[in-house]
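Taking it in order: structure first as structure tokens, then the write-up.
2 protein chains.
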Amino acid sequence: MPETSLDTKIEVAAKTGYHHGDLRSQLLNAVRQLVEEKGSENFSIAEAARKAGVSSAAPYRHFNDKPEILKALVMQAMEEKAIEMRRVIEPHPVGSLARINALGRCYIDFARNHPGMFRLVFGNTETHENDDDLRQQGERVFGIVVEAVAQVLKIQPDDPEALKRAYMLWTMVHGHSWLQIDGKAKQQGIEFPEEHLLAEISLRILGSALNERL
Amino acid sequence: MPETSLDTKIEVAAKTGYHHGDLRSQLLNAVRQLVEEKGSENFSIAEAARKAGVSSAAPYRHFNDKPEILKALVMQAMEEKAIEMRRVIEPHPVGSLARINALGRCYIDFARNHPGMFRLVFGNTETHENDDDLRQQGERVFGIVVEAVAQVLKIQPDDPEALKRAYMLWTMVHGHSWLQIDGKAKQQGIEFPEEHLLAEISLRILGSALNERL
DNA sequence: TACGTATGTAAGTGTCACTTACATATGTTG
DNA sequence: CAACATATGTAAGTGACACTTACATACGTA
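Line by line, the protein sequences give chains A and B. Counting from 1, position 87 in the first sequence corresponds to residue 79 in the working numbering; the numbering is continuous, with no gaps. Counting from 1, position 82 in the second sequence corresponds to residue 74 in the working numbering; the numbering is continuous, with no gaps.
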């Protein structure tokens, strides 16, 4: 299974000369590492700078403030996620529920494997709620789901019905992801196989729509 | 419609003499207010102390540290939520889907009306993930849902099937709540009536189980 | 009334986000 | 190649915060 950079071990290159040479990108690596280690709220830019071997003022040559760093990180993660989503549906036939399930698994795996980043993307939205770049990036990702749903239902991707079904799937997968990383599900003694859950959900949301029962 | 203290305007009483007299509880009020105003991450204990008219060291006579304050607040909110949930299902007949829908609406309304508190309860879990008090409180709240689901399905509340169906509903409502307060849904141009969404979901999750189609 | 305890304050410590003034490297143009 | 503008780094601050320590005041109780 190929790996995206989200799953590869991230190393932070410290500087060699007076000028770092690649500070912007290495800072993002450092922050990403810290976000995973200490949670999306308990890291500091100062520490990231230390990791990259520069002074605590250096980051401000590349970013205006902390929120801007986080936004850059979120953009990066979403871009990578879109690539991975396109990759995981590829092996499954167009219009199959398997495609939907693969997307769901991909989403949940991201949350479980990178809870810090997941919290950053979805939990800290106060800062970048109205950001246009992020909205567009979100559209691209969600668009993949809408398209797959439309193919299952054999309707056009711009049919509102596709949007609605896709959203229903999204809410469940999103909610499940949160409850998993918060440990809420386990706390309540809920632990049935995720594969069954995913399959049953997609069947209930899309299956009966296929039969035109509603 | 009666109101829980969650929905009433919170006032913070400042101190009068040397001793405040009610500092612990007024600090919680102040923090709650700040959490709603500035978000669950951008408030300070110092500011809450200022609001209550005491020095920035005073709070530490009542709480060990910041996480402990937040935990106390979360406990309070969950307790009130449990009371409100029991209240909203009351008018609907036992075993009806209307009860389920009322619970879902109650959950979503909480998120929408108190996004700061919602984020605190569900987003900041790193701090209190393994806290036993919170787990128990969560059980009491989720138990209300499980019971209502069991009544719809005409099975015992301890039947694993009830737990499973209740969890499916939870994921959906939880996910929808998050996407709403994050503005993600609106960003993607998704805006159909919530009542229909809730009704359709509960029907799909519980309705077909009634008919034993799966 | 005296004393222990609960609850407040003032003044710290160390960290952080972010700024300002200055230093060093890099690329560009005469 | 020299001169200069610009990009990128540092050191030393500022003000806010979480939390601590030593001390002050009030309260309850024997």
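All C-beta atoms, glycine included, are put in the ideal place defined by N, C-alpha and C.
Beta-carbon of Q129/B versus every beta-carbon of chain A: anything under 8 Å?
-> Judged by the 8 Å Cβ criterion, Q129/B is not in contact with chain A.
Which one of V133/B, E153/B, A64/B has the shortest CA to CA distance from L95/B?
-> The shortest C-alpha separation from L95/B is found at V133/B.
Looking only at its own chain, which residues have a Cβ that is under 6 Å from the Cβ of Q18/A, when we skip the five neighbours before and after it?
-> Within the same chain, Q18/A has close Cβ partners V4, A5, A44.
Is the Cβ-Cβ distance between M77/B and Q129/B less than 8 Å?
-> It is not a contact, given that the beta carbons lie outside the stated cut-off.
Between the segment 151 to 167 of chain A and the segment 160 to 180 of chain B, are three or more C-beta pairs nearer than 8 Å?
-> With a cut-off of 8 Å, the segment 160 to 180 of chain B and the segment 151 to 167 of chain A count as touching, because enough Cβ pairs lie within range.
What is the rounded straight-line gap between the Cα of F102/B and the Cα of I37/A?
-> For F102/B and I37/A, the distance between alpha carbons rounds to 34 Å.
Taking the Cβ atom as the reference point for each residue, do A22/A and A40/A lie within a distance shorter than 8 Å?
-> Result yes, Cβ atoms of A22/A and A40/A sit closer than 8 Å.
Residue closest to S47/B, alpha-carbon to alpha-carbon, out of N93/B, L15/B, V138/B = Closest option to S47/B, Cα to Cα, is L15/B.
Cβ of I75/A less than 8 Å from any chain B Cβ?
-> Among the CB atoms of chain B, none fall inside 8 Å of the CB of I75/A.
Please check the pair Q180/B and E131/A, which I expect to be a contact at CB under 8 Å, by giving their CB distance rounded to whole angstroms.
-> Between E131/A and Q180/B the Cβ distance is about 6 Å, and since that is below 8 Å, they are a contact.
Kindly list, in the order they appear in chain A, the residues whose Cβ is closer than 9 Å to that of Y159/B.
-> H168, L171, A177, Q180, I182, F184, L189, listed in chain order.
Whole-angstrom distance between N56/B and L168/B, CA atom to CA atom | For the record, residue 168/B in the displayed sequence is His; it is not Leu. For H168/B and N56/B, the distance between alpha carbons rounds to 35 Å.
The segment 141 to 158 of chain A touching the segment 138 to 148 of chain B, judged by at least three CB pairs closer than 8 Å | Touching, no, given that fewer than three Cβ pairs across the two stretches are closer than 8 Å.
How should P107/B be labelled, buried or exposed, when 16 other C-beta atoms within 10 angstroms of its C-beta is the threshold for buried?
-> Result: buried.
Identify each residue in the segment 24 to 47 of chain A for which the Cβ-Cβ distance to at least one residue of chain B is less than 8 Å, and report them in chain order.
-> Using a CB distance below 8 Å, the part of the segment 24 to 47 of chain A facing chain B consists of G31, E33, N34, ordered along the chain.
Quick one: is G115/A near chain B, going by C-beta distance under 8 Å?
-> So yes, G115/A belongs to the interface.
Would you call the CB atoms of L145/A and L198/A closer than 8 Å?
-> Yes, the Cβ-Cβ distance between L145/A and L198/A is below 8 Å.
Can you list, in chain order, the residues of its chain whose CB lies under 7 Å from that of L26/A, leaving out five sequence neighbours each side?
-> Excluding five sequence positions before and after L26/A, the CB atoms of its chain that fall closer than 7 Å to its own CB belong to F35, E39, A40, given in chain order.
List the residues of chain A whose Cβ lies closer than 9 Å to the Cβ of L155/B, in chain order.
-> The contacting residues are Q180, G181, I182, F184.
Delimiting residues of the alpha helix (DSSP H) encompassing N93/B = Residues 89 to 105.
Give, in chain order, every unbroken run of the alpha helix (DSSP H) that is at least 4 residues long and sits entirely within the segment 16 to 74 of chain A.
-> 37 to 44, all fully within the segment 16 to 74 of chain A.
For L126/B and L65/B, believed in contact at Cβ under 8 Å, the rounded distance = So it is not a contact: roughly 11 Å between Cβ atoms.
Exposed unless 16 or more other CB atoms sit within 10 angstroms - verdict on R104/A | R104/A comes out exposed.
Roughly how many angstroms lie between the CA atoms of L190/A and E183/A, to the nearest whole one?
-> Each residue's Cα considered, the two are about 13 Å apart.
Would you say D174/B and F110/A are within 8 Å of each other, going by their C-beta atoms?
-> No, the Cβ-Cβ distance between D174/B and F110/A is not below 8 Å.
With respect to the alpha helix (DSSP H) encompassing G130/B, which residues constitute its N-terminal and C-terminal limits?
-> That run of the alpha helix (DSSP H) goes 124 to 145.
Cβ of M164/A within 8 Å of any chain B Cβ | Among the CB atoms of chain B, one or more fall inside 8 Å of the CB of M164/A.
Residues near M67/A in its chain [Cβ-Cβ closer than 8 Å; skip 5 each side] | Excluding positions up to five away in sequence, the list reads D125, L126, Q129.
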